[in-house]
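In my numbering, the protein residues as written are 10 to 214.
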Amino acid sequence: MTLEQVSEGVVWVGGEPLSHERKADGSLRPASEKYQRQARKKIGMVFQQFNLFPNMNVLRNITEAPVTALGVPKPEAEARARELLDLVGLGDKADAHPTQLSGGQQQRVAIARALAMKPDILLLDEVTSALDPELVAGVLDVLRDIARTTDITLLCVTHEMSFARDISDRVLMFDAGRIVESGPPSQIFGEPREERTREFLRAVL
């Protein structure tokens, strides 16, 4: 997402470089801030800790970025925000502030905020890890609905194995920052090839 600088290699998204940009001769150079700002508009991010603006109500948390970054008229942004709140099951919370919401509700607002930018790709960084166990299911149900009813690509970092198995087209197993194994869920969960993958699955399933 270009929040961190790439130390080696090139990040490609949809056949185009994200961490680098093409020069006139077709070669690549590290991306400028302007190029990265444009690229980021296609990518949404949901963090572990919600990162909502505490001084704004839910509706403004969702509309702030479309209005200021994309120039969406405020009435249009608010109408879209209310649709998204209905999608995540919080249609009655538009005027609430983050401190008035549970952790699960705050995370669903964060998901709605990311969707308000109409991303092609949604990055999800352990979005249930900060939640009490009884709140996890509601957030995962929202993400399942997004995966099944939209064309948005979800890239999830998660330890929720049943969720990963349920919604994924491809699963990657990481260990110490490197890909140990990748493949469809049926192969990773049913017939993992690598011992490290088998060890992990035995421990968590």
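Backbone N, C-alpha and C fix where the C-beta goes; we use that ideal spot for every residue, glycine too.
Looking at the structure shown, is residue i part of a helix, part of a strand, or coil, going by DSSP?
i	result
E203	coil
V166	strand
P82	coil
When you compare only the Cα positions, how much space is there between residue i and residue j?
i	j	result
Q109	V148	17 angstroms
M170	A33	45 angstroms
A139	V67	19 angstroms
D95	D154	12 angstroms
F209	F172	16 angstroms
T206	L164	19 angstroms
Cβ of residue i within 8 angstroms of Cβ of residue j?
i	j	result
V166	E135	yes
E87	T72	yes
V55	A146	no
H106	P75	no
L37	R31	yes
L144	S111	yes
Residues bridged to residue i by DSSP?
i	result
M182	E190
E25	V22
E208	Looking at the DSSP assignment, E208 forms no beta bridge with any residue, so it has no partner.
E13	Its beta-bridge partners do not exist; DSSP assigns none.
R31	L37
Which complete alpha helix (DSSP H) runs does the region 36 to 104 hold, if anything under 4 residues is left out?
42 to 49, 67 to 79, 83 to 96
Give, in chain order, every unbroken run of the beta strand (DSSP E) that is at least 3 residues long and sits entirely within the region 128 to 177.
130 to 134, 162 to 166
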